[in-house]
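*Asks:* The structure that follows is given in the form of structure tokens.
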Amino acid sequence: MAGALPSSPVTIVTGSSRGIGAAIAAALAGAGHRLVLTARDGERLQAVAEALRGRGTEVLVLPADLRDEAAPATIVQAAIAHFGAVSAIVSNAGTAPADKVEHTTPAILRETFDLHVGAPLAFARAAVPTMKARGSGCLLHLASTAGLRGYPFTSAYTAAKHGMVGLSRALHAELGPAGLRVYALCPGFVDSDITRGAAAAIAARGKTTAEQAFARMAAQNRIGRMHSPAEVAAAVAMLLHDRPAGCVYDLDRATPGFVDASTS
Ligand SMILES: NC(=O)c1ccc[n+]([C@@H]2O[C@H](COP(=O)([O-])OP(=O)(O)OC[C@H]3O[C@@H](n4cnc5c(N)ncnc54)[C@H](OP(=O)(O)O)[C@@H]3O)[C@@H](O)[C@H]2O)c1
Numbered sequence: 053m054a055g056a057l058p059s060s061p062v063t064i065v066t067g068s069s070r071g072i073g074a075a076i077a078a079a080l081a082g083a084g085h086r087l088v089l090t091a092r093d094g095e096r097l098q099a100v101a102e103a104l105r106g107r108g109t110e111v112l113v114l115p116a117d118l119r120d121e122a123a124p125a126t127i128v129q130a131a132i133a134h135f136g137a138v139s140a141i142v143s144n145a146g147t148a149p150a151d152k153v154e155h156t157t158p159a160i161l162r163e164t165f166d167l168h169v170g171a172p173l174a175f176a177r178a179a180v181p182t183m184k185a186r187g188s189g190c191l192l193h194l195a196s197t198a199g200l201r202g203y204p205f206t207s208a209y210t211a212a213k214h215g216m217v218g219l220s221r222a223l224h225a226e227l228g229p230a231g232l233r234v235y236a237l238c239p240g241f242v243d244s245d246i247t248r249g250a251a252a253a254i255a256a257r258g259k260t261t262a263e264q265a266f267a268r269m270a271a272q273n274r275i276g277r278m279h280s281p282a283e284v285a286a287a288v289a290m291l292l293h294d295r296p297a298g299c300v301y302d303l304d305r306a307t308p309g310f311v312d313a314s315t316s
């Protein structure tokens with residue numbers, strides 16, 4: 053959005069070099085946010101940032117590997133040094149290892165938890181003191197329906213996404229009284245590199261085509277089709293701007309909404 057106001061929100065979007073994260077960055081730029089973009093691939097981040105700057109958005113690019121437990125605090129400090137504040141953090145970065153349980157090693161489990169639970173917790177640790185001092189702030193975690201129910205061949209991912217949903221519920225309960233909002237957004241399968249890669253991997257085993265595997269994933273969504281990255285990004289923008297009460301938001305419904313208004 054051209055000419056963002058000096059008081060416009062400052063939002064960190066992790067995993068914004070492609071896929072859902074890049075779509076979230078575009079949607080928030082359109083809503084007037086100043087942005088901090090982070091992922092490992094600095095070149096792809098710069099390309100996303102240049103496109104947004106061309107539309108008048110202020111963007112800070114901070115490449116990082118979020119498996120490094122020190123990275124979130126470094127990013128929060130750099131964002132505050134540059135913009136003066138952090139209004140919201142969208143923890144979207146993730147990988148989705150898919151394999152039989154027999155092949156799911158402790159190293160895969162640790163790495164998946166580091167990214168989906170450890171990094172959001174480290175961002176909260178770093179940003180909550182300044183958010184509490186301002187009496188406002190939002191932590192939004194890109195979870196999944198894999199955080200609400202089980203899918204085969206995804207034991208590490210499904211466990212980590214359940215962990216992410218649990219973390220969100222705990223932070224919502226702890227930080228809500230201080231005026232902070234915490235959301236876990238749960239889409240079903242989304243058309244992105246993760247799903248295209250998974251479909252290609254299934255096809256490589258020789259029993260089906262990538263197109264058929266992709267269609268079977270889409271059919272597992274209750275809405276009967278893939279979500280688009282733009283649809284997920286619109287839900288992020290809605291949660292950040294409308295500030296609805298609640299925590300765990302299920303996008304894979306004919307009418308998306310909070311899973312349990314009384315407990316989440
Ligand atoms: N696609 C789906 O069907 C689906 C459904 C529900 C939820 N989700 C969730 O949505 C989020 C985004 O998924 P996506 O589909 O957009 O995946 P994607 O296209 O593969 O993008 C993943 C993003 O995360 C970044 N990333 C991965 N590992 C990282 C690391 N160690 N440190 C920092 N950044 C890292 C990637 O950038 P670099 O490689 O440059 O680091 C990339 O920007 C994930 O949390 C995923 O679990 C996806």
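Oh and the sequence shown: position 114 is 166 in the working numbering, straight run, nothing missing. For each residue, glycine too, the CB sits at the ideal point set by N, CA and C.
1) Who are V300's beta bridge partners in DSSP?
2) Given that a residue counts as buried once 16 or more other Cβ atoms are within 10 Å of its Cβ, and exposed if not, what is P204?
3) Which residues share a DSSP beta bridge with I64?
4) Given the structure, does L46 come close to ligand 1, in the sense that its CB is under 8 Å from one of the ligand's heavy atoms?
5) Just how far apart, CA to CA, sit L291 and A282?
6) In this structure, how does DSSP classify V169 when only helix, strand and coil are distinguished?
7) Can you list the beta strand (DSSP E) stretches of 3 or more residues lying completely in the region 186-259, in chain order?
8) What are the boundary residues of the beta strand (DSSP E) that includes L114?
9) How is G146 classed by DSSP in three states: helix, strand or coil?
10) Below 8 Å on the Cβ atoms is my guess for A140 versus A285; work out the distance and round it to an integer in Å.
11) Comparing alpha-carbon positions, which option in A116, G249, A230 lies nearest R92?
12) Do you know how far the Cα of A137 is from the Cα of A1?
13) Count the C-beta pairs between the region 163-179 and the region 112-126 that are closer than 8 Å, then say yes if the count reaches three, no if not.
14) Take R248 and list the residues in its own chain whose beta-carbon comes closer than 6 Å to its own, dropping the five residues that flank it on each side.
15) Tell me whether G71 counts as near ligand 1, meaning its Cβ is closer than 8 Å to at least one heavy atom of that ligand.
16) Check each candidate in A171, A130, Q264, D294 and name the one with the smallest Cα separation from S220.
*Replies:* In brief:
1) The residue given as residue 300 occupies position 248 in the sequence shown. Note: V300 sits in a beta bridge opposite A236.
2) For this step, residue 204 is matched to residue 152 along the sequence shown. Exposed, by the Cβ-count rule.
3) Mapped onto the sequence shown, residue 64 falls at position 12. According to DSSP, which records beta bridges pairwise, I64 is partnered with V88, I141.
4) Nothing can be reported for residue 46: it is not among the residues displayed for the chain, which extend from 53 to 316.
5) Sequence index remark: in the sequence shown, residue 291 carries index 239 (1-based). Sequence index remark: in the sequence shown, residue 282 carries index 230 (1-based). Distance between the alpha carbons of L291 and A282 is about 14 Å.
6) Here the question's residue 169 lines up with position 117 in the sequence shown. Three-state result, V169: helix.
7) 190-194, 233-238
8) Taking the first residue of the sequence shown as 1, we reach residue 114 at position 62. Element bounds for L114: n/a, residue is neither H nor E.
9) Here residue 146 refers to the residue found at position 94 when the sequence shown is read from its first residue. Note: G146 maps to coil in three-state DSSP.
10) On the sequence shown, residue 140 is found 88 positions in, with the first residue counted as 1. On the sequence shown, residue 285 is found 233 positions in, with the first residue counted as 1. 14 Å between Cβ atoms; not a contact.
11) As a first step, residue 92 must be located in the sequence shown, where it is residue number 40. The shortest C-alpha separation from R92 is found at A116.
12) Look at the range of the chain in this structure, 53 to 316, and you will see that residue 1 is not part of it.
13) yes
14) Walking along the sequence shown from the start, residue 248 turns up at place 196. Excluding sequence neighbours, R248 sits near nothing in its chain.
15) Indexing the sequence shown from 1 puts residue 71 at position 19. Yes, the beta carbon of G71 sits closer than 8 Å to at least one heavy atom of ligand 1.
16) Along the sequence shown, read from residue 1 onward, the residue named residue 220 stands at position 168. Checking every option, the nearest Cα to that of S220 belongs to A171.
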